[in-house]
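Chains A and B, in that order, are what the protein sequence lines are.
Using my numbering, the first residue of the first sequence is number 1, and each one after it goes up by one.
Using my numbering, the first residue of the second sequence is number 1, and each one after it goes up by one.
Yeah, the Cβ is synthetic: ideal placement off N, Cα and C, and Gly gets one too.
If you're wondering where the values come from, they're calculated on a predicted model, not measured in any experiment.
There are 2 protein chains.
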Amino acid sequence: MQQKKTAISPLKKIEKHSLPELIEKNLLEYFVENRLTAGDPIPKETDLAKTLNVSRTAIREALVRLKMTGMIISKKKQGMVLASPDLLALFEKSSNPRILANDTLKDLFELRLVLEVGMADLVYERKKPEHIKELKEIVRKQKTTSDAATFNIDDEVKFHGKLYEIADNKTLDRFQHLLLPLFQYVHESGILQKKIRSRQYISHKGLVDILEKGTAEEFRNAMRKHLDNHFCRIRTS
Amino acid sequence: MQQKKTAISPLKKIEKHSLPELIEKNLLEYFVENRLTAGDPIPKETDLAKTLNVSRTAIREALVRLKMTGMIISKKKQGMVLASPDLLALFEKSSNPRILANDTLKDLFELRLVLEVGMADLVYERKKPEHIKELKEIVRKQKTTSDAATFNIDDEVKFHGKLYEIADNKTLDRFQHLLLPLFQYVHESGILQKKIRSRQYISHKGLVDILEKGTAEEFRNAMRKHLDNHFCRIRTS
DNA sequence: GTAAGTATTATGTATGACATAAAGATATTT
DNA sequence: AAATATCTTTATGTCATACATAATACTTAC
Chain A
1 MQQKKTAISP LKKIEKHSLP ELIEKNLLEY FVENRLTAGD PIPKETDLAK TLNVSRTAIR
61 EALVRLKMTG MIISKKKQGM VLASPDLLAL FEKSSNPRIL ANDTLKDLFE LRLVLEVGMA
121 DLVYERKKPE HIKELKEIVR KQKTTSDAAT FNIDDEVKFH GKLYEIADNK TLDRFQHLLL
181 PLFQYVHESG ILQKKIRSRQ YISHKGLVDI LEKGTAEEFR NAMRKHLDNH FCRIRTS
Chain B
1 MQQKKTAISP LKKIEKHSLP ELIEKNLLEY FVENRLTAGD PIPKETDLAK TLNVSRTAIR
61 EALVRLKMTG MIISKKKQGM VLASPDLLAL FEKSSNPRIL ANDTLKDLFE LRLVLEVGMA
121 DLVYERKKPE HIKELKEIVR KQKTTSDAAT FNIDDEVKFH GKLYEIADNK TLDRFQHLLL
181 PLFQYVHESG ILQKKIRSRQ YISHKGLVDI LEKGTAEEFR NAMRKHLDNH FCRIRTS
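Below, the structure is given as structure tokens:
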């Protein structure tokens, strides 16, 4: 019987999981199906090994993986309990700029800009009088440099950090903390185009003013302008 | 000698690393210091164990951790090689909506909105005539529902997916793909306020028009308005 | 009744053995 | 001689077992 060569069966991505990976999946399903929530204890290693009929080594490897995602935490004697997985935990572990590919770094640089512009609405929505006061205080203490290109890193971090705080989104805040070093690294490395001094610059002080007195839209657009000298550097072609 | 109780020594976060964690750190330093890049082979388990004077078990656990971050990949016989870690793959591993805490889910919902508004500038910057054409084609095929609240999921995904594609940022694109199911989940669960029909709605067609003929700022603000019925739902208090 | 000390228990670490897959070397066939 | 089949080697994958360690529960001494 000759097989038709033209009728190639359609790929079907081979999922070649190793044993611990399978166990990991299995455990995850177990958690979901049993409606386990943060704080709930999970069976001990030896029991799992017996139940699944694999060695404790394999079980442990799967557990290590889950521990890394923050999905479970373990204490001696006390056993292991389910935790609320930390999305950014893994992210953090592998965000070493010296190891990441340049393309990825560039993407992350852009990503941070996207976040800053996009979060303007959250900031505006959730701002409170005391926030404005705090921002003003930060601005007041800053070295008054009228030069847009040469900014002081610490001042930048402090000011923008405050904005993230006001946005009141924990995940977002942590995300930017992770992104910050990468951003810094890319900024100073030769990956991007050389620094350009934008003509349409809005200072921190200007931003605060608009945040206080302007509309959400005005603030959003002001934020974009404030970041223009970064945006200039990512132009393609 | 009496100690002054008031002069408490300042915290100093105890880093209580387990052995494999220490090894992991050690290996990372080794990679960086030796300028190893993707594809470079790393010593074999037995050698590492001998060199660091710990059991192979401990080494393996460290390696498992690194494997999970995508930092290294291993093949039988062939040994292990360094790889460029995939930040988003990790994200995916722990992004199970049924396990994530509600607060985190809410954060992620917001995060996606932030991304969509923030990326407007990338989209505008990188749009090309054929993109406009494609977007128009997508819009044309959509079910013409004049109702802002009841949108068709597929249409939404297709349209916004295209925008991410235009933004030409691989990381961002993958990020939204990961966020999408979560977004969907939150949208339909009772976590947020109930659906509101915004008065200032801009349709997909409207967006494309502005992307084609308007300014970057106009497009950015239009994007915000387009998403307003989502934004309405995250209002606090 | 409280404090100290002891036993218990589940995770952490170590060791040695064997299974497995892939690469290279060797032998076999045409 | 070239192509194919088989064996050998090697580094990871899996297993079994023993012991170390830390936190809890229990017991004993005063």
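In three-state DSSP terms, what is residue i?
i	result
A:K13	Caution is warranted here: a pLDDT of 47 is assigned to A:K13, below 50, making its placement in the model unreliable, and no coordinate value can be reported.
A:V54	coil
A:T46	helix
A:G118	helix
B:D86	coil
B:K128	coil
A:Y201	coil
A:K225	helix
A:A62	helix
B:I191	coil
A:R35	coil
A:T215	coil
A:Q184	helix
B:D154	helix
A:R235	coil
A:I99	coil
B:N169	coil
B:Q142	coil
Applying a beta-carbon distance threshold of less than 7 angstroms, which residues of chain A neighbour residue i?
i	result
B:F231	D121
B:M68	R65 and M68
B:E217	N221
B:L90	L90, F91 and S94
I'd like to confirm the pairing. Which residues does DSSP put opposite residue i in its beta bridges?
i	result
A:I73	A:V81
A:P41	A:V81
Which chain A residues are close to residue i, counting only those with a beta carbon under 9 angstroms from its beta carbon?
i	result
B:E125	F231, I234, R235 and T236
B:T104	S84, P85, D86, L87, K170 and T171
B:F31	N96, R98 and I99
B:M71	K93, S94, N96 and I99
B:R56	Per Cβ cutoff of 9 angstroms: no residues; B:R56 is ~11 angstroms from chain A at best.
Using 7 angstroms as the threshold, is the C-beta distance between residue i and residue j below it?
i	j	result
B:Y164	B:D154	no
A:L113	A:H226	no
A:E61	A:P97	no
B:M223	B:V117	yes
A:L90	A:T69	yes
B:I59	B:A49	yes
B:I132	B:E218	no
A:E110	B:N169	yes
B:T171	A:D86	no
A:A167	A:L135	no
B:R220	B:A120	yes
B:Q200	B:D228	yes
Mind listing the chain B neighbours of residue i? Cutoff is C-beta to C-beta under 9 angstroms, in chain order.
i	result
A:S95	P85 and L87
A:V117	V114, V117, G118, M119, A120, D121 and R220
A:L28	N96 and I99
A:E61	R60, E61 and V64
A:R199	Here the premise fails: no neighbours, minimum Cβ distance about 15 angstroms.
A:R140	Going along chain B, no residue has its Cβ under 9 angstroms from A:R140, so there is no contact; the nearest lies around 27 angstroms.
Using CA coordinates, which residue listed in the options is at the minimum distance from residue i?
i	options	result
A:E29	B:E21, B:S94, B:Q78 and B:G39	B:S94
B:L27	B:R224, B:M71 and B:D107	B:M71
A:L192	A:G39, A:T171, A:N102 and A:V81	A:N102
B:K32	B:N221, B:R235, B:L82 and B:L100	In the sequence on display, residue 32 of chain B carries Val and not Lys. The residue with the shortest Cα to Cα distance from B:V32 is B:L82.
A:S203	A:L63, A:H160 and A:H187	A:H160
B:M80	B:Q176, B:K136 and B:D40	B:D40
A:D209	A:L48, A:Y124, A:K106 and A:K75	A:Y124
A:I99	B:L66, B:H131 and B:T215	B:L66
B:E45	B:E137, B:D86, B:L108 and B:L63	B:L63
A:V54	A:E137, A:S18, A:E130 and A:A38	A:S18
B:S189	B:Q142, B:R233, B:L36 and B:S84	B:R233
A:E130	A:Q78, A:K158 and A:K162	A:K162
A:I23	A:T37, A:R35, A:N34 and A:T57	A:T57
B:L36	B:K77, B:S84, B:L52 and B:K158	B:S84
Determine the chain B residues that contact residue i at a beta-carbon separation under 7 angstroms, and present them in chain order.
i	result
A:L108	T171
A:L48	Within chain B, no residue comes near A:L48; the closest Cβ sits about 17 angstroms away, beyond 7 angstroms.
So which residues on chain B does residue i lean against when the C-beta distance must stay under 8 angstroms?
i	result
A:A38	A101
A:L19	The contacting residues do not exist; A:L19 stays about 12 angstroms from chain B at best.
Compute every distance between the C-beta of residue i and the non-hydrogen atoms of the ligand GTP, then say whether any falls below 6 angstroms.
i	result
B:G39	Judged by which ligands are present, the structure shown has none, so any question about the ligand GTP falls away.
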